[in-house]
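These notes are about the structure you will find just below.
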Amino acid sequence: NAGVMQNPRHLVRRRGQEARLRCSPMKGHSHVYWYRQLPEEGLKFMVYLQKENIIDESGMPKERFSAEFPKEGPSILRIQQVVRGDSAAYFCASSPQWGSNQPQHFGDGTRLSIL
Amino acid sequence: DAKTTQPNSMESNEEEPVHLPCNHSTISGTDYIHWYRQLPSQGPEYVIHGLTSNVNNRMASLAIAEDRKSSTLILHRATLRDAAVYYCILGGNAGNMLTFGGGTRLMVKP
Numbered sequence: 815n816a817g818v819m820q821n822p823r824h825l826v827r828r829r830g831q832e833a834r835l836r837c838s839p840m841k842g843h844s845h846v847y848w849y850r851q852l853p854e855e856g857l858k859f860m861v862y863l864q865k866e867n868i869i870d871e872s873g874m875p876k877e878r879f880s881a882e883f884p885k886e887g888p889s890i891l892r893i894q895q896v897v898r899g900d901s902a903a904y905f906c907a908s909s910p911q912w913g914s915n916q917p918q919h920f921g922d923g924t925r926l927s928i929l
Numbered sequence: 078d079a080k081t082t083q084p085n086s087m088e089s090n091e092e093e094p095v096h097l098p099c100n101h102s103t104i105s106g107t108d109y110i111h112w113y114r115q116l117p118s119q120g121p122e123y124v125i126h127g128l129t130s131n132v133n134n135r136m137a138s139l140a141i142a143e144d145r146k147s148s149t150l151i152l153h154r155a156t157l158r159d160a161a162v163y164y165c166i167l168g169g170n171a172g173n174m175l176t177f178g179g180g181t182r183l184m185v186k187p
């Protein structure tokens, strides 16, 4: 019973490059959430997607960041022209349904390091 | 948004029960109380959630005060693997997002 799969586990990029983080939700889950954890800080919500739709992106920086969850394939968090401040752990979570009583199941994250 | 207040850290001895408190005095009637934990270098892990009644599962128990302004996560027998940061989170406001605070860092002594 595979859980939420994130890859890569570690990603190193130079300033100005693009970073692509992938998340495959648990089987049967159509709701995906991305969170970011900056060094020595708590987790912060970024974006919530349902298949092919962005439901809530209130936590996403307005520039350089985008997310998608296509009909087929994993959800992708894309960061263009990365800067040092993007270095963080990025976690993806999934749930089977909408609702405030729905537990979210998390992956083990992608640790992004910017040189 | 309703907030939660937790102690920064707690210590426990191995194989003893642990009671992790959480205050949420501004909780609304539709807010669920969720607990997650995060072990070092891992993603958060769902522990338990409830609305009004106490809840039990294989990981823990959740005791909710009658006025719902506080709750307690109970680990019945702490093990070294329970050392983690425990987050108490209210779900119900602003959609499905989880708002993580600082949590309680639980240290378990052998």
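Just so you know, the protein sequences line up as chains V and E, in that order. Following this note's numbering, the numbering of the first sequence begins with 815 at its first residue and continues without gaps. Following this note's numbering, the numbering of the second sequence begins with 78 at its first residue and continues without gaps. Heads up, the beta-carbon is just placed ideally off N, CA and C, and yes, glycines get one too.
*If we ignore side chains and look at the alpha-carbon of each, how far apart do Leu139/E and Gly873/V end up?*
Taking the Cα positions, Leu139/E is about 30 Å away from Gly873/V.
*Is the shortest distance between the beta-carbon of Thr103/E and the beta-carbons of chain V less than 8 Å?*
The C-beta of Thr103/E comes no closer than 8 Å to any C-beta of chain V.
*Start and end of the beta strand (DSSP E) containing Lys186/E?*
For Lys186/E, the enclosing beta strand (DSSP E) stretches over residues 181 to 186.
*Output the residue ranges of the beta strand (DSSP E) runs that lie fully inside the stretch 116 to 174 of chain E and measure 3 residues or longer, sorted by chain position.*
122 to 127, 138 to 141, 147 to 152, 161 to 168
*Cβ atoms of Gly178/E and Val162/E: under 8 Å apart, would you say?*
no
*So is Pro121/E in contact with chain V if we call contact Cβ pairs under 8 Å?*
yes
*Return helix, strand or coil for Asp108/E, following the three-state DSSP convention.*
Coil.
*asked:* Suppose you measure from the CA of Tyr904/V to the CA of Met136/E; what does that come to, to the nearest Å?
replied: Between Tyr904/V and Met136/E, the C-alpha separation is close to 26 Å.
*With DSSP run on the structure shown, which of helix, strand or coil describes Arg878/V?*
coil
*Apart from the five residues on each side of it in sequence, which residues of its chain come closer than 6 Å, Cβ to Cβ, to Pro121/E?*
Contacts found: Tyr113, Gln115.
*asked:* Here's a check: name, in chain order, each residue in its chain whose Cβ is nearer than 7 Å to the Cβ of Leu863/V, leaving out the five neighbours to either side.
replied: Val846, Ile869, Ala881, Phe883, Ser889
*Of the residues that make up the stretch 841 to 856 of chain V, which ones have a beta carbon closer than 8 Å to any beta carbon in chain E?*
His845, Tyr847, Tyr849, Gly856
*asked:* Comparing C-alpha positions only, which one of Asn100/E, Val132/E, Gly106/E, Ile110/E sits nearest to Lys146/E?
replied: Asn100/E
*Which partner residues of Ser89/E appear in the DSSP bridge assignment?*
For Ser89/E, which the question treats as bridged, DSSP gives the partners Val185/E.
*Please check the pair Asn85/E and Gln916/V, which I expect to be a contact at CB under 8 Å, by giving their CB distance rounded to whole angstroms.*
Not really, about 29 Å apart at Cβ, beyond 8 Å.
*For the beta strand (DSSP E) that contains Pro98/E, what are its first and last residues?*
95 to 100
*Curious, which full-length alpha helix (DSSP H) runs of at least 4 residues does the stretch 831 to 898 of chain V contain?*
none
_Residues of the stretch 895 to 911 of chain V in Cβ contact with chain E at a cutoff of 9 Å, in chain order, please._
Those residues of the stretch 895 to 911 of chain V that come within reach of chain E (Cβ to Cβ, closer than 9 Å) are Ala903, Phe905, Cys906, Ala907, Ser909.
_Positions along the stretch 88 to 113 of chain E whose CB lies within less than 9 Å of some CB in chain V_ = Thr107, Asp108, Tyr109, His111, Tyr113
*Less than 8 Å separating the beta-carbons of Ser927/V and Val818/V?*
no
*His919/V at chain E interface by Cβ criterion, 8 Å*: At least one chain E Cβ lies under 8 Å of His919/V.
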